[in-house]
Structures are given as C-alpha cells and as structure tokens.
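Sequence order for the protein chains is A and B. Counting in the numbering used here, the first sequence runs without a single skipped number right up to 630 at its last residue. Counting in the numbering used here, the second sequence runs without a single skipped number right up to 1702 at its last residue. Backbone N, C-alpha and C fix where the C-beta goes; we use that ideal spot for every residue, glycine too. Working notes, beginning with the structure itself.
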Amino acid sequence: MNEIVPFMTEIAPFTGYVYPNETIVPWGVLIVIYPYLTGLVAGAFTVSSFYHVFGMQQFKPVARFALLTSLSVMIFVPTPLLLHLGHPERAMNSMITPHLTSAFAMFGYFAAFYTVLLLLECWFVFRADNVVRANNSTGLARTFYRTVTLWSDDISPRARAIDSKWLLTLAIVGIPSAHGLHGYIGFVYGSLKARQWWESDLMPVIFLFSAIVSGVALLMVLYVLASKLRRVPIDHACLKGLTFALWGFLMFTVILEGLEFTNLVYKGKEGIDVIMEYVQGPLFFRYFILQFGFGALLPIAIMGLMIARNVRGKAFVIGAMVSALLVLMNVLLMRWNVVIGGQEISKTGKGLLTYPLPVWGRESLMSAAVLVMAPFALLWVLTRLFPPWTDPPGNT
Amino acid sequence: MKYDKKKAGRRNFLCSTGKALAGLGVIAGGGNLLGQGEAEENMKDSAGKGANSFPTPDYDWTKHRWAYGIDATRCIGCLRCVEACKAENDVIGDAHHFRTWVERYVYLEGDEKVHVDSHADPQNIAASGSEAEYRFDNRYKDAKVSKAFFMPKMCNHCEHPACVQVCPVGATFKTEDGVVLVDRDYCIGCRYCLQACPYGARYFNEELNVADKCTWCYHRITKGLQPACVEVCPTHARIFGDLNDSSSPVSEFIRNNPVQVLKPESGNAPMCFYVGIDKDVS
Chain A
235 MNEIVPFMTE
245 IAPFTGYVYP
255 NETIVPWGVL
265 IVIYPYLTGL
275 VAGAFTVSSF
285 YHVFGMQQFK
295 PVARFALLTS
305 LSVMIFVPTP
315 LLLHLGHPER
325 AMNSMITPHL
335 TSAFAMFGYF
345 AAFYTVLLLL
355 ECWFVFRADN
365 VVRANNSTGL
375 ARTFYRTVTL
385 WSDDISPRAR
395 AIDSKWLLTL
405 AIVGIPSAHG
415 LHGYIGFVYG
425 SLKARQWWES
435 DLMPVIFLFS
445 AIVSGVALLM
455 VLYVLASKLR
465 RVPIDHACLK
475 GLTFALWGFL
485 MFTVILEGLE
495 FTNLVYKGKE
505 GIDVIMEYVQ
515 GPLFFRYFIL
525 QFGFGALLPI
535 AIMGLMIARN
545 VRGKAFVIGA
555 MVSALLVLMN
565 VLLMRWNVVI
575 GGQEISKTGK
585 GLLTYPLPVW
595 GRESLMSAAV
605 LVMAPFALLW
615 VLTRLFPPWT
625 DPPGNT
Chain B
1421 MKYDKKKAGR
1431 RNFLCSTGKA
1441 LAGLGVIAGG
1451 GNLLGQGEAE
1461 ENMKDSAGKG
1471 ANSFPTPDYD
1481 WTKHRWAYGI
1491 DATRCIGCLR
1501 CVEACKAEND
1511 VIGDAHHFRT
1521 WVERYVYLEG
1531 DEKVHVDSHA
1541 DPQNIAASGS
1551 EAEYRFDNRY
1561 KDAKVSKAFF
1571 MPKMCNHCEH
1581 PACVQVCPVG
1591 ATFKTEDGVV
1601 LVDRDYCIGC
1611 RYCLQACPYG
1621 ARYFNEELNV
1631 ADKCTWCYHR
1641 ITKGLQPACV
1651 EVCPTHARIF
1661 GDLNDSSSPV
1671 SEFIRNNPVQ
1681 VLKPESGNAP
1691 MCFYVGIDKD
1701 VS
C-alpha cells in the first residue's frame, strides 16, 4: 500500500454521507474572491457609463474615478484564478487550445478583450491631461507622461472631438462587455448540473445584478473616502444619484435571489431535504440573517427612508456609507454562499460538508484578503499618477 | 505496468509519432482551435494504422467499445478492489482520494432512514487503524439489520461526460474506445471537472497538481488484461469487457440482467451498468 503523502489540504468535516472524494473541497476562498472582483469591475464600469454613455451629469465627479477603479480591479481579476490553478504555468493552454464546449473556455478571451478595452478607454479619457502634464513637467515625469500618451500630443478641439467619439464608442461596447463578462461568470455556475444549489437559469442574471450593486456600493465608499482624504466637499447630487442607483438595483437583485431560492424549494426535487437541512442549519445565519437581512433589507430600508425624508448633509453621507458597506458585505456573502455553499451540499444528497478555511497558505483567508486589498493599492497609485477629479483640459 | 504519465500525455504522443502531422498545422474543427483536436485526430489515424499507439503499441482503439458491469448483489465489501486500484494506479494512499470505492448501505429495523458509510468515515478509518488501510468497522454487530448491501462505485466513463464538456483546455477527453482519460501533461488543475462530475468520481491529485480519476486501467485493458479491480474481485461482482464482442462478459451481463445506471437524469449516459441498485443509492 502507498504511503500517505502529506500535503497542504484540509479535510472538510461532514455529517451524513458524502462521497469520499468530496472531503477535499475543490474550490476554496479564492474562487469566492474571483467573481467578487469581476463583479466590482462590471459595477464600477456601469457607474462610469452613467456619465460617459448616458450623459447623466450628476455622476460626472466619479465618472473618471470609476473607470480607474474598474481598471485597477480588472488587473487583479486573473490572480485568484492563477493562484488556484494546480498548474498556473499552463494557464495559457485555455487560450491556445480552448475547449469550446467548456463554459470556461472563453474566459481568457473575454477578460483579455475587456482589459484592452478598459486600457483604451482610460487612454482616451486621460490623454489630454497627460499631454498637459507632460508639457508642464521635466525629466523622468515628462518622459513617463509622454510615453503614456503614446506620443499623441494633439489636444486641439478637433482632436478632442475625435477622442470623445472614440470614448463613446468604447463605452457603448464596454457596457455589454462588462456585463457579458459577469453574466458569463454566473453561467459557469448556473450551467453546472451536478450541483443543485448552482443549477439555476437565474444564476447569470443574479450574478450580473449583484455585480452592478457591488460596483455602485464600492464607488460610494471610495468616493466618500477620497473626498475626506482630499478634504473636499462631497457632491450631494452625485452621492444621491449613486444611492438611488444602489437602492433600485439592490431591490431588483434581492427579488431575483428570493425568486431563485423559492423556485428551488417549491420544485422540491430529489435532494431538497438535505438542502433544507443546510439552509435551516449552517447556512441560516450567513444567508438569511447576514446576506438577506443585514446585507440587503437593512440597506434598502435605510436608503428608502433617506430618500423618502429627503435627508441631506452629514446624515445622508453616513446613511449612504453604511448602506454601501452593508451591500459590499452582502455581495461578498452572496459569492461565498453560492461558491462554498454549493460545495458544502454533498452530491450524494445525503450529507453536508463544512469548508475549512485555512488562515495561511496559497488558498487562504490571508491570500484572499491580500487579493481583495491589492486593487485598491493600485488604485491609490493610479489616482496619484492620473488624478481623475478635475475636468480634462478643454472641457467645461 | 503503472499508468505512465509520460506515455499517457498526448503532447508526448504527438512528439513521438505525429511530429510530421502536427507540423502540417491542420486546425482541427469543432472542439479546439489547434493542438488538442489535432492530437486526437492524429491518435485516431495512427492507432488505426498500427503505429506507435497510445499507450500500447499496435492497440487499435477503433475496434473496441469498453463497458463495465457491477453486480452489487455479489459484493461482499472486502475492499480488495480498492486496495488493488490504489496500488496499481499510484493513487494517493489516504481516505480522501479514490478511483474506486465501496459504499455500505444499511437499513435497521424500525428505522426507515438508510445509513450509508464509506472509507472517509472516521469510524472506518479508526477501525482500520490507518488512513492507508480500508476496512468497514463492525458498528452494526449488535443492531437489528433489516437490509444491507455494498455498492461499488467508480468513474462511469459516461457516453456524454460532463467532465469532458467543462474542461477548458480539453485535457480531459474521451477515447475512441469509450474511456474518459485525463492528460496529466496538459491539465491546468482548475478542478472544474471535479465539480461537473455528479458521481464524485474525480479527485485532485495534490502530488501532480492535476485532476485524477479511474482509467479502467487503460494501460492494462489495451494489452488484453482486465482492470485491477476486476482482476482481484473474489466474487465476480465486477465485470469488464468489450461491447463490440457479443460474447464478452459485460455484453452477457447487460443482455442477461435488468441493468440500471446511476443518476440517469444527469444526462451523462454512464457506461457502468449495475445490478442490485436500491432506491437510496445515489
């Protein structure tokens, strides 16, 4: 008989009967982080599009910042996947030889396309600023900004008009791309028939809408924080616009999630007994109390009250911040409850597992925390290099 | 012979036999842009011509259609099959990695609920004294058992395997003779296939960082031998053979018995045919 080989994998405790191979949970915390980050990308892009495509003026203060946020997060989207892969050095196999029947085969292409699109959009949005900065600086800074503009230094009104046309086109292509990318992630789970908890036609739609709410909530938090750090007044119209958007999209998302769960229970297919045992037991607190109660219903109530009573000033900022932070928790929990939840229900339909979250290691609490924080470190650097707060030169 | 990852790799197969063909750069239609589909096509061609075929020279995979039969009524739960499989295929020697395993179903008098356990069960691990040994403990010694049976499980080598469908790189593939294999040299270790298999038949091989599963001992059956689990089964509960041969044990087993498959509703069309499945077996 072979020797037991020690390896860094935790065995999941279980109740009832689970297949022996199920006792090592295949997708850990990094696969929770991955759709979370992707959702933030799509949501932040949506906020940017409110102004850049739909021309909603109240979102102007955050439009360029939202674009930088989307780019910062997008750059880190592949990292949880790469860390998760058994052979990250073979990751490009999926792009060199995509197996087209796989729901996941197109991810590399979609992600690469969207990253290029974001980079292009950022280039156009910040080109005029960078030209001016290059002209006003010397030495290394001048070289840097000139390189970033790709030596395209014409900022005449005619050139700016061409920039604007390109920007609109890119944003129009970007909206379906951003949302397509995230709906697609939902499809990766929703199409997996082996797990009843995932197999749902509503899954892509739920992922998409929760992505939008997470992005809007993130922008609210970042905008308020940035304003405080910059010691500038918060634009009430902008924050109110974001709050309205969050409130509306959140209600829609919660209804979709509720419908999905009702469908699962009402259909009551084989295996529902163990699902109900799971929902009423280990999942109850983090699903009904935290995700639905504190993460969705409470912010809906807070924002609804603020809108109904026309709350302004500091109280509005605090209410909006609390709501946004709760929604960010909600979406993270939603990802957790889908990804980990699906794997905690055994395919036997006779048992439940408990995912053991390692604190240290390649796929651990710490690596996930670092990956969630890393985009914001990059965002801090990018906002220093390309301040998104002022109008581009030549704009009114 | 052990399942040799070097020989199993389609990349290496390409190198050894199909360099010229690969050099043509024919982009295979369907599944892949290049590479994988191309490799499979080359394998089909050269196998038919008796070239240096994978994994056994002169084996023609177009001439066989393998299938597996399990007569659960014959299984005595001795677990020789599990041990033989682990040894033959270098399966990680603990209670959480199995290419084949055996489940014990027990119904107690006055209790409608079925009690199921297998090798990951802490009581069974304690009874065998080691995670590398496999025993069913004696927990029902004093209980009034109304019905009990053993249920051998393994990869079903499905006709429409969900694991093959979801593999993003085509590292998991179905051979012409009906066996689902993993190319260890090409697998990226994403574990999507582990999620897609409704039978829990796949595990992640932490030694090689790739998905792993039963191969029906492909290195043996292509030499005319039986899979290790079939070879050692003392009660002939496990039957293996070629569906293209109407007198093969598995053809006769399917013809002479009312056979069933596991989770037919999954649409995977398993190629492991069972006799003696009870309503609670999933």
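Flag residue i as yes if its beta-carbon sits less than 9 Å from any beta-carbon of chain E, otherwise no.
i, result
"residue 470/A", "In the displayed structure, chain E is absent; the protein chains listed are A and B."
Could you work out which residue in the options is closest to residue i when comparing CA atoms only?
i, options, result
"residue 335/A", "1628/B, 1650/B, 1590/B, 1512/B", "1590/B"
"residue 1596/B", "1625/B, 1662/B, 1588/B", "1662/B"
"residue 1498/B", "1625/B, 1521/B, 1513/B", "1521/B"
"residue 1546/B", "1515/B, 1674/B, 1612/B", "1515/B"
"residue 461/A", "520/A, 519/A, 617/A", "617/A"
"residue 564/A", "547/A, 274/A, 247/A", "274/A"
"residue 1676/B", "1684/B, 1682/B, 1667/B", "1667/B"
"residue 1577/B", "1607/B, 1691/B, 1701/B", "1691/B"
"residue 566/A", "246/A, 255/A, 263/A, 245/A", "263/A"
"residue 272/A", "346/A, 330/A, 389/A, 365/A", "346/A"
"residue 1598/B", "1507/B, 1478/B, 1488/B", "1488/B"
"residue 1689/B", "1517/B, 1555/B, 1575/B", "1575/B"
"residue 1706/B", "1592/B, 1573/B, 1586/B, 1504/B", "In the structure displayed, chain B extends from 1421 to 1702; residue 1706/B sits before or after that span and is not available."
"residue 364/A", "388/A, 352/A, 342/A, 501/A", "388/A"
"residue 597/A", "258/A, 534/A, 508/A", "258/A"
"residue 554/A", "592/A, 459/A, 589/A", "459/A"
What residues from chain B crowd round residue i, counting only those whose CB sits closer than 8 Å?
i, result
"residue 321/A", "1607, 1608, 1609, 1629, 1630"
"residue 261/A", "1611, 1615"
"residue 347/A", "Chain B residues near residue 347/A: none, gap ~16 Å exceeds 8 Å."
"residue 338/A", "1586, 1588, 1610, 1612"
Taking a contact to mean a Cβ-Cβ separation below 9 Å, would you say residue i touches residue j in this structure?
i, j, result
"residue 456/A", "residue 303/A", "yes"
"residue 1648/B", "residue 252/A", "no"
"residue 627/A", "residue 1615/B", "no"
"residue 454/A", "residue 480/A", "yes"
"residue 1501/B", "residue 1652/B", "yes"
"residue 301/A", "residue 622/A", "yes"
"residue 1490/B", "residue 1694/B", "yes"
"residue 1481/B", "residue 1660/B", "no"
"residue 1600/B", "residue 1588/B", "no"
"residue 1538/B", "residue 1551/B", "no"
"residue 424/A", "residue 437/A", "yes"
"residue 1526/B", "residue 1511/B", "no"
"residue 1633/B", "residue 1519/B", "yes"
"residue 1620/B", "residue 256/A", "yes"
"residue 358/A", "residue 415/A", "no"
"residue 557/A", "residue 536/A", "yes"
Using a Cβ cut-off of 8 Å, pull out every chain A residue sitting near residue i, in sequence order please.
i, result
"residue 1622/B", "255"
"residue 1539/B", "254"
"residue 1598/B", "Here the premise fails: no neighbours, minimum Cβ distance about 18 Å."
Identify the contact partners of residue i in chain B, using a Cβ-Cβ distance below 9 Å as the criterion.
i, result
"residue 584/A", "1534, 1536, 1700, 1702"
"residue 426/A", "1582, 1586, 1612, 1615, 1616"
"residue 419/A", "Within 9 Å Cβ-Cβ: nothing; residue 419/A doesn't reach chain B, min ~13 Å."
Since I believe residue j is in contact with residue i (beta carbons under 8 Å), could you give me their beta-carbon distance rounded to a whole number of angstroms?
i, j, result
"residue 306/A", "residue 609/A", "5 Å"
"residue 512/A", "residue 440/A", "That pair is no contact at about 19 Å."
"residue 585/A", "residue 249/A", "6 Å"
"residue 362/A", "residue 379/A", "Not a contact, Cβ separation roughly 11 Å."
"residue 451/A", "residue 562/A", "5 Å"
"residue 1604/B", "residue 1584/B", "No, residue 1604/B and residue 1584/B are not in contact; Cβ-Cβ is about 15 Å, not under 8 Å."
"residue 1563/B", "residue 1528/B", "6 Å"
Just the chain A side, please: which residues come within less than 7 Å of residue i by C-beta, in chain order?
i, result
"residue 1515/B", "254"
"residue 1521/B", "254"
"residue 1590/B", "331, 333"
Whose Cβ in chain B lies nearer than 7 Å to the Cβ of residue i?
i, result
"residue 581/A", "1618, 1620"
"residue 327/A", "1589, 1606, 1608"
Which chain A residues sit within Cβ distance under 9 Å of residue i?
i, result
"residue 1518/B", "253, 254, 255"
"residue 1548/B", "Going along chain A, no residue has its Cβ under 9 Å from residue 1548/B, so there is no contact; the nearest lies around 11 Å."
"residue 1671/B", "Those do not exist, as residue 1671/B stays about 29 Å from chain A at its closest Cβ, beyond 9 Å."
"residue 1686/B", "427, 428"
At a cut-off of 8 Å, would you count residue i as near the ligand GDP, judging by its Cβ distance to the nearest heavy atom?
i, result
"residue 328/A", "Of ligands this structure carries none, so the ligand GDP is not represented either."
Inter-stretch contact (C-beta, 8 Å, three-pair minimum) for the segment 262 to 279 of chain A and the segment 605 to 617 of chain A
yes
Check whether the segment 523 to 532 of chain A touches the segment 486 to 493 of chain A, taking contact to mean three or more Cβ pairs, one atom from each stretch, closer than 8 Å.
yes
Could you say if the segment 434 to 453 of chain A and the segment 413 to 425 of chain A meet the contact criterion of at least three C-beta pairs nearer than 8 Å?
yes
So, do the segment 316 to 325 of chain A and the segment 1606 to 1622 of chain B have three or more beta carbon pairs nearer to each other than 8 Å?
yes
Spell out a yes or no on whether the segment 288 to 296 of chain A and the segment 469 to 478 of chain A are touching, meaning 3 or more CB-CB pairs, one atom from each, closer than 8 Å.
yes
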